[in-house]
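The numbering of the sequence shown is my numbering, which starts it at 144 and goes up by one. For each residue, glycine too, the CB sits at the ideal point set by N, CA and C. Computed from a predicted structure; not experimentally measured. Step one of this worksheet: look at the structure below.
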Amino acid sequence: MIKKVRALTERAQATVDSGLFAMHRLHCRAADAVFAQLGALPGLAGPAQRARQLHTAVWGEVYDATRAAAQLAGNVAGMALDLASGGIRL
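Here you go:
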């Protein structure tokens, strides 16, 4: 039973990670399109470039933190399973 739960936990963790990666990539593509259009407008090339850099930095950190939190949750779940199976003794 523990092995099945562990396998499901690992699969869920991998799915969340790949889903977040895909979402981040899609988000970046959409933002790139918007910032490219803004940058093409007269007088907005500089501000659009700075806004794009800020957007990329902030959202990169958000996705990195979300992936790290998901990884931590998976690690905690693994430790709980180890405890439940007697693999770790406190």
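- DSSP places residue 221 inside the alpha helix (DSSP H), whose first and last residues are 188–228.
- Taking residue 217 as reference, the option from 147, 180, 151 with the minimal CA-CA separation is 151.
- For residue 181, the closest alpha carbon among the candidates 205, 172, 191, 221 is that of 191.
- Per the coordinates, the alpha-carbon of residue 147 lies some 27 Å from the alpha-carbon of residue 165.
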